[in-house]
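Encoded as structure tokens, the structure appears first; notes follow it.
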Amino acid sequence: MRLVSKGVTKQSEDFSKWYTDVVRQAKLADYGPVKGTMVIRPYGYAIWENFQGILNQMFKDTGHVNAYFPMFIPEHFLKKEAEHVEGFAPEVAVVTHAGGKELEEPLIVRPTSETIIWHMYKKWISSYRDLPLLINQWANVVRWEMRTRLFLRTTEFLWQEGHTAHATAEEAEEETLRMLEVYKRFAEDYMAMPVITGQKTESEKFAGAVNTYSIEAMMRDTKALQAGTSHYLGQNFAKAFEVTFQNKDNKEELVYATSWGVSTRLVGGLIMCHGDDKGLILPPRVAPHQVVIIPIFRNDTKDLVMGKVAELVGELKAVSVRVHVDDDEKASPGFKFNEWEMCGVPMRVEIGPKDIEKGQAVVVIRHSGVKHFVALTELATFLAGQVVTVQDELFQRALDFREANTHTVENWEEFKETLETKGGFIKAFWNGSAEVEAKIKEETKATIRCIPFDRPGVIGKCVYTGDEGSQQVLFARAY
RNA sequence: CGGGGUGUAGCGCAGCCCGGUAGCGCGCUUCGUUCGGGACGAAGAGGUCGGAGGUUCAAAUCCUCUCACCCCGACCA
5 MRLVSKGVTK QSEDFSKWYT DVVRQAKLAD YGPVKGTMVI RPYGYAIWEN FQGILNQMFK
65 DTGHVNAYFP MFIPEHFLKK EAEHVEGFAP EVAVVTHAGG KELEEPLIVR PTSETIIWHM
125 YKKWISSYRD LPLLINQWAN VVRWEMRTRL FLRTTEFLWQ EGHTAHATAE EAEEETLRML
185 EVYKRFAEDY MAMPVITGQK TESEKFAGAV NTYSIEAMMR DTKALQAGTS HYLGQNFAKA
245 FEVTFQNKDN KEELVYATSW GVSTRLVGGL IMCHGDDKGL ILPPRVAPHQ VVIIPIFRND
305 TKDLVMGKVA ELVGELKAVS VRVHVDDDEK ASPGFKFNEW EMCGVPMRVE IGPKDIEKGQ
365 AVVVIRHSGV KHFVALTELA TFLAGQVVTV QDELFQRALD FREANTHTVE NWEEFKETLE
425 TKGGFIKAFW NGSAEVEAKI KEETKATIRC IPFDRPGVIG KCVYTGDEGS QQVLFARAY
């Protein structure tokens, strides 16, 4: 079955609608029968698989190993860490019946795995020689959210969660920041999505963490998306699950912990970071198909064209370009142009009898619409080069967009005015008070996305209270 | 949980006000002609009108109840 509809809602008309249209028409995902659930379709899953492959390698390069922990967790585990249970209890799914009868103790379906992991770590850690313990798992988790959106917030989602145990606070803090940096590199170098790293405020941090850090990206509607988090858990879970080790001096100590994760939400971020009114735009490094070849022929020229296409496919594979040939004879070339633009394939090659006669092919770049007429002998080299060029251009474009939509404001009037008329990210000083943070959120819907690492050393007047000695933070309306 | 909306063919919808043979577009199947920016013709397949009850000679249509989903808010990656 080919595409059903012609085009999507314009971004400027209704960004939310645009997003849903793109997800469904590019066949990334569909709604599941249970509220808030999502079927990730093959094309969407291929993107996720690319994410997984890259991240997995990055985790291994930083010394982590993969494991798998059960999805069902005894209910009382969750209650062991006070903040953790308070944070997660409202959105936990509970299994009360199984095997045809009521269970002795209900089971929770993991909303995250800290509790079961630390239950196991207690068994595995006894000496400083067992540390650090650096485990990651790829898994599904369930959080019963009130409002859901495909990829961005679904009842069940896929993610990876790293859980590490360390002998010292310093080492655990280092790990927390190391993994945040891994996320930043992944977002920027692979997804071509610029992010801001920083620390979460007390009210925005993970339930059970000492500190939470995040990467924050700007979507094309100028709203913020938290794209990944890394938590320094201190000894909170070690205390709750009594995980201790004997140090070199034969003394018993509680271990220090981190956890960090990114989810299928990243796919939503990718869509909203680059897409346009024609649909999806995928950066080459994560695109399932980097190049789509659309052969143009009639019955009498079919063999000629397809013969040349087969040659080109071989050449492209030899230079590691992921190529797809759309040789469906039932669809017209024009139809295919539109469909593959909708699906965000970074580059399209058109090749027909006239091209072959001239020894060339037409290359069209998805995000810019620029047409190149390239000699067949140079096509593979050209496209391999464009993989890099397009990737860079998309990152630069996203960065320029973010910078153009980031505003620094001095006072409250300016804050509200800027948020209403321009939106985007707002840099402003904040006195560190949770009440002020809550008031600002209440009055403007903007939240503190993070306290950026990269900010001026200067301190200034709080944008809400005018208090001197306030620090600069990043505000935005967020997903 | 509040506000709004929608349930009729795979998808998008009309029909409902004013009860009387269930329709349209797209998609799908077969054949032929096409093919350089969303091709065309011909012939087909496909629906317990979300569910239950009621009114009526007769209900997609009127009444009552119910379920589900989507969108907007309060919670969250």
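The first sequence runs 5 to 483 under my numbering. Glycine is no exception: its CB is placed at the ideal position from the N, C-alpha and C atoms. Model, not experiment: these values are computed from the prediction.
DSSP bridge partner residues for residue i (one or two, in chain order)
i, result
"glutamine 230", "Glu220"
"glycine 464", "Ser474"
"histidine 411", "Ile430"
"valine 367", "Val353, His376"
"lysine 105", "Ala102"
"serine 131", "Gln250"
"leucine 82", "DSSP, once it has assigned bridges, lists no residue as partnering leucine 82."
Three-way DSSP call (helix, strand, coil) for residue i in this model
i, result
"arginine 6", "Confidence at arginine 6 is low in this model, with a pLDDT of 48, below 50, so the placement of that residue is unreliable and no value is reported for it."
"lysine 362", "helix"
"cysteine 277", "helix"
"isoleucine 300", "coil"
"tryptophan 416", "helix"
"methionine 42", "strand"
"aspartate 225", "coil"
"phenylalanine 76", "strand"
"phenylalanine 4", "The structure shown does not extend to residue 4, since the chain is modelled only from 5 through 483, so no value can be given for it."
"glutamine 203", "strand"
"alanine 482", "strand"
"threonine 451", "strand"
"valine 12", "coil"
Range of the contiguous beta strand (DSSP E) that encloses residue i
i, result
"phenylalanine 429", "429-434"
"valine 329", "327-329"
"glutamate 165", "160-170"
"glycine 265", "260-267"
"isoleucine 509", "Past the boundaries of the shown model lies residue 509; the chain is included only from 5 to 483, so the question cannot be answered."
"alanine 33", "33-35"
Start-to-end residues for the alpha helix (DSSP H) that takes in residue i
i, result
"alanine 196", "That residue, alanine 196, is in no alpha helix (DSSP H); it is neither H nor E in DSSP."
"aspartate 25", "19-29"
"asparagine 511", "Beyond the ends of the chain as shown, which are 5 and 483, falls residue 511; an answer cannot be given."
"leucine 316", "306-322"
"alanine 146", "A quick correction: the sequence has valine, not alanine, at residue 146. Run containing valine 146: none in the alpha helix (DSSP H); it sits in the beta strand (DSSP E), 137-146."
"arginine 189", "173-189"
Residue i burial status per 10 Å Cβ neighbour count (16 or more: buried)
i, result
"threonine 11", "Strictly speaking, residue 11 in this sequence is glycine, with threonine absent from that position. Exposed, because fewer than 16 other Cβ atoms sit within 10 Å of the Cβ of glycine 11."
"arginine 370", "buried"
"glycine 238", "buried"
"alanine 322", "exposed"
"isoleucine 463", "exposed"
"threonine 262", "buried"
"asparagine 254", "exposed"
"glutamate 345", "buried"
"phenylalanine 92", "buried"
"aspartate 359", "buried"
"glutamate 118", "buried"
(message) Under 8 Å, with one C-beta from each stretch per pair, do the stretch 179-199 and the stretch 420-436 reach the 3-pair mark?
(response) Counting Cβ pairs under 8 Å, fewer than three are found: no touch.
(message) Assess contact between the stretch 114-132 and the stretch 245-263, defined as three or more Cβ pairs (one per stretch) separated by less than 8 Å. Is contact present?
(response) yes
(request) Would you check if the stretch 292-301 and the stretch 335-355 touch, i.e. whether three or more CB-CB distances between them fall below 8 Å? (result) yes
(message) Would the stretch 134-149 count as touching the stretch 63-80 if we require 3 or more Cβ pairs under 8 Å?
(response) yes
(request) May I ask you to verify whether the stretch 302-313 touches the stretch 207-220, counting CB pairs closer than 8 Å and requiring at least 3? (result) no
(request) Count the C-beta pairs between the stretch 264-275 and the stretch 330-340 that are closer than 8 Å, then say yes if the count reaches three, no if not. (result) no
(message) Using a Cβ distance threshold of 8 Å, determine whether the stretch 158-170 contacts the stretch 129-137, with at least three qualifying pairs required.
(response) yes
(request) Kindly confirm or deny that the stretch 452-470 and the stretch 436-443 touch, where touching means at least three C-beta pairs closer than 8 Å. (result) In short, these stretches touch, since the Cβ pair count reaches three.
(request) Say whether the stretch 402-409 touches the stretch 368-384, bearing in mind that this needs 3 or more beta-carbon pairs closer than 8 Å, one atom from each stretch. (result) no
(message) Count Cβ pairs between the stretch 197-208 and the stretch 36-53 that sit closer than 8 Å; are there 3 or more?
(response) no
(message) Between the stretch 29-43 and the stretch 99-108, can you find at least three pairs of beta-carbon atoms closer than 8 Å?
(response) no
(message) With a threshold of 8 Å, are at least 3 pairs of Cβ atoms found where one atom belongs to the stretch 388-399 and the other to the stretch 415-423?
(response) no
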